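Some notes on the structure that comes next.
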Amino acid sequence: MKRGFPLLAIVTALLLSFALYEALIAAPTEQTMGNVQRIFYYHVPSAWTAFVLFLINFVSSIIYLIRRDSKSDIVAFVSAEVGVVFCTVVIVTGPIWARPVWGIWWAPGDIRLTTTLVLWLIYISYLMVRRLSTGGKTPVIAAVVAIFGALDVPLVYFSIWFFRTQHPSPVIGGGGSLDPRMAHVLLINWVAFLCLAWLLCWTRYELEVAKRKVEEAQALESMLEGSR
Amino acid sequence: MSFFAITRATLAKDIRLEWRSKDAINAMLFFALLVVVIFSFAFDPTAEESRRIAGGLIWVAFLFAAVVALNQTWARELRNQVLDAYRVSPAPANPLFLAKAFGNFLFVSVLEALMTPLFIAFYKLRALGPAWELAPIALLGTWALVVNGTFFAAISLRTRSREIMLPLLLFPFSIPALLGMVNATTAVLTGEESARFWIALLLAYDVVFTAACLLFFELVLEAE
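These protein sequences, in sequence, are chains A and B. 1256 is the number that our numbering gives to position 62 of the first sequence; each next residue is one higher, with no gaps. 425 is the number that our numbering gives to position 38 of the second sequence; each next residue is one higher, with no gaps.
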């Protein structure tokens, strides 16, 4: 593995520890929600990271269909996989926060909640297709499914937009007011999460390349044995 | 052969096959009937309540039943390597897709026409809103289910355990369409709000995914 990898690993570990300290101790306690609000520093950065990864998945799927190189296929695969992990964190931390604050675990009509859930379902189904598909054309099929998924997202959003939303309105760029100290902690956490996602994707990428090499070698070997 | 000639020939062949065997339609009808009966045991609503839940029940029953037909769409072409023959022929891919989608649309529409009276009888339904709006809702909703269903069934052909793969793909992607159908139907039945927004949403869904299916079907068909 390349030299940059351990460096990135160290930076990620340091950033994550610092972000944890910032989120749990340094950040001011929210006035009405209390300490439970601190889950926000995990919930929101995970969501942003997952969306970035799904965007990478979409872009590299298009690139794959144009160029047909295995590199962009692997990038699409690993970004979807790691994206689903972060999206799972979002979906698990959301209800933990919602229960004491809203008094309910889940608000079915909420726009961001439900869009994220549907996004999660779509990408799991993408991963299922990759896992279950046979033959050499898995990448093509997966890329097509990824593009269908991206087309579905705005439709999901608008369909749920018609219901009334219960989620706190977006604090960044949504006209809401966020304490600058809190925004600072949020951004540190996001950077740390992005580094973690990058690290995970990198590991998965190298693993996938190695796996494909082994599979190729094995196929070649069995072909040679067959011809003998 | 022209685009329409191929579509017409494939569609005619599928209808003739279905007319003689009645495999898909029988299985679908019985399946939908079972769902209606089981729902009627699970919920025993008053007329007012049933107006609120019937939209959901009816479309879920149609969705489940449609999967039965969709799964058979391409499986039929695998026997005797018909699909391989099509692939090596100079015919373009899209007429084949459209013929299959139209065929499924027809089968699911027949199912809906036969099952709707049953639903009305079981749930004592009467529309309080403009009932004519149910026609565009049914047309657009059915097309939304079968266009993606036909496409995903073609994708499932390339997977292990393909009968399971189709619903796993189709259901999550159909969520916006399903929301549209269910809410539009409920709006018409209860007459409390306008179904216009949901009809527009269904129309947008249909346009987007019909275009996407036609754009990508050739890639999926050739993927072997």
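The beta-carbon is built from N, C-alpha and C at its ideal position, and this holds for glycine as well. Source: prediction; values computed, not measured.
Residue nearest to residue i in terms of C-alpha spacing, selected from the options
{"i": "Ile1382/A", "options": "Leu1394/A, Ile1204/A, Glu1216/A and Ala1203/A", "result": "Glu1216/A"}
{"i": "Val569/B", "options": "Leu498/B, Phe449/B and Leu404/B", "result": "Phe449/B"}
{"i": "Leu588/B", "options": "Ala1207/A, Ser1353/A and Val1284/A", "result": "Ser1353/A"}
{"i": "Leu420/B", "options": "Thr503/B, Phe430/B, Phe489/B and Arg466/B", "result": "Thr503/B"}
{"i": "Ala518/B", "options": "Glu579/B, Asn491/B and Leu498/B", "result": "Glu579/B"}
{"i": "Leu465/B", "options": "Leu532/B, Gly490/B, Ala541/B and Leu602/B", "result": "Ala541/B"}
{"i": "Leu498/B", "options": "Lys511/B, Leu565/B, Phe417/B and Asn481/B", "result": "Phe417/B"}
{"i": "Ser543/B", "options": "Met388/B, Ile393/B, Val607/B and Leu505/B", "result": "Val607/B"}
{"i": "Val533/B", "options": "Trp406/B, Phe451/B, Met388/B and Ala429/B", "result": "Phe451/B"}
Where residue i meets chain A, residues with beta-carbon distance less than 8 Å
{"i": "Tyr510/B", "result": "The contacting residues do not exist; Tyr510/B stays about 23 Å from chain A at best."}
{"i": "Tyr592/B", "result": "Leu1349"}
{"i": "Leu615/B", "result": "Beyond the ends of chain B as shown, which are 388 and 611, falls residue 615/B; an answer cannot be given."}
{"i": "Met502/B", "result": "Per Cβ cutoff of 8 Å: no residues; Met502/B is ~25 Å from chain A at best."}
{"i": "Leu527/B", "result": "Result: empty, since nearest Cβ-Cβ is about 13 Å, beyond 8 Å."}
Contact under 8 Å by Cβ, residue i with residue j
{"i": "Gln459/B", "j": "Asp410/B", "result": "yes"}
{"i": "Thr573/B", "j": "Arg439/B", "result": "yes"}
{"i": "Ala1241/A", "j": "Thr1309/A", "result": "no"}
{"i": "Arg474/B", "j": "Thr1328/A", "result": "no"}
{"i": "Ile524/B", "j": "Ala582/B", "result": "yes"}
{"i": "Thr1206/A", "j": "Leu1401/A", "result": "no"}
{"i": "Cys1389/A", "j": "Val1276/A", "result": "no"}
{"i": "Leu1345/A", "j": "Val424/B", "result": "no"}
{"i": "Asn1251/A", "j": "Ala1220/A", "result": "no"}
{"i": "His1237/A", "j": "Gly1288/A", "result": "yes"}
{"i": "Val1403/A", "j": "Leu1209/A", "result": "no"}
{"i": "Ile1257/A", "j": "Ser1264/A", "result": "no"}
Chain-ordered neighbours of residue i on chain A, where CB pairs are closer than 7 Å
{"i": "Thr546/B", "result": "Val1323, Leu1326, Ser1327 and Thr1328"}
{"i": "Phe584/B", "result": "Phe1356"}
{"i": "Glu567/B", "result": "In the sequence as presented, Glu is not what sits at residue 567/B; that position holds Gly. Per Cβ cutoff of 7 Å: Ser1353."}
{"i": "Met388/B", "result": "Simply none; closest approach about 27 Å."}
Residue i: contacting residues in chain B (beta-carbon distance under 9 Å)
{"i": "Phe1199/A", "result": "In chain order: nothing, as chain B lies at least about 34 Å away."}
Residues that residue i contacts on chain B, provided the C-beta gap is smaller than 8 Å
{"i": "Ile1260/A", "result": "Simply none; closest approach about 12 Å."}
{"i": "Ile1316/A", "result": "Pro559 and Phe560"}
Closer than 7 Å at the beta carbon, the chain B residues around residue i
{"i": "Asp1346/A", "result": "Phe560 and Pro563"}
{"i": "Val1278/A", "result": "None at all; the shortest Cβ gap to chain B is about 13 Å."}
{"i": "Phe1342/A", "result": "Phe560 and Ala599"}
{"i": "Val1312/A", "result": "Pro559 and Ile562"}
{"i": "Ser1319/A", "result": "Leu555, Leu556 and Pro559"}
8 Å contact criterion, which residue i and residue j should meet: CB distance rounded
{"i": "Tyr1320/A", "j": "Val1350/A", "result": "Actually they do not touch by this definition, with Cβ atoms about 15 Å apart."}
{"i": "Ser496/B", "j": "Thr537/B", "result": "Ser496/B to Thr537/B, Cβ: 14 Å. No contact."}
{"i": "Val1323/A", "j": "Ala1336/A", "result": "6 Å"}
{"i": "Pro1200/A", "j": "Phe1387/A", "result": "Contact flag wrong, Cβ pair sits at about 20 Å."}
{"i": "Phe558/B", "j": "Asn535/B", "result": "At roughly 10 Å, the Cβ-Cβ gap does not stay under 8 Å, so Phe558/B and Asn535/B are not in contact."}
{"i": "Trp371/B", "j": "Ala564/B", "result": "For chain B, the structure presents residues 388 to 611; residue 371/B sits outside this window and is missing."}
{"i": "Leu590/B", "j": "Phe489/B", "result": "Not a contact, Cβ separation roughly 18 Å."}
{"i": "Ala514/B", "j": "Val575/B", "result": "5 Å"}
{"i": "Asn481/B", "j": "Phe604/B", "result": "6 Å"}
{"i": "Tyr1235/A", "j": "Leu1372/A", "result": "With 8 Å as the limit, Tyr1235/A and Leu1372/A do not qualify as a contact, their Cβ atoms being about 12 Å apart."}
Residues that residue i contacts on chain A, provided the C-beta gap is smaller than 9 Å
{"i": "Ile542/B", "result": "Val1323, Ser1327, Ile1335, Val1338 and Val1339"}
{"i": "Val595/B", "result": "Leu1345, Asp1346, Pro1348 and Leu1349"}
Legend entry - alpha helix (DSSP H) runs contained entirely in the stretch 559-608 of chain B, provided each spans 4 or more residues: 562-577
Inset, instruction - Run through the stretch 1258-1310 of chain A for me and flag every whole alpha helix (DSSP H) of 4 or more residues, listed as ranges in chain order. - result: 1264-1296
Legend entry - Residue ranges of each alpha helix (DSSP H) within the stretch 432-459 of chain B, 4 or longer: With a minimum length of 4 residues, no continuous alpha helix (DSSP H) run stays inside the stretch 432-459 of chain B.
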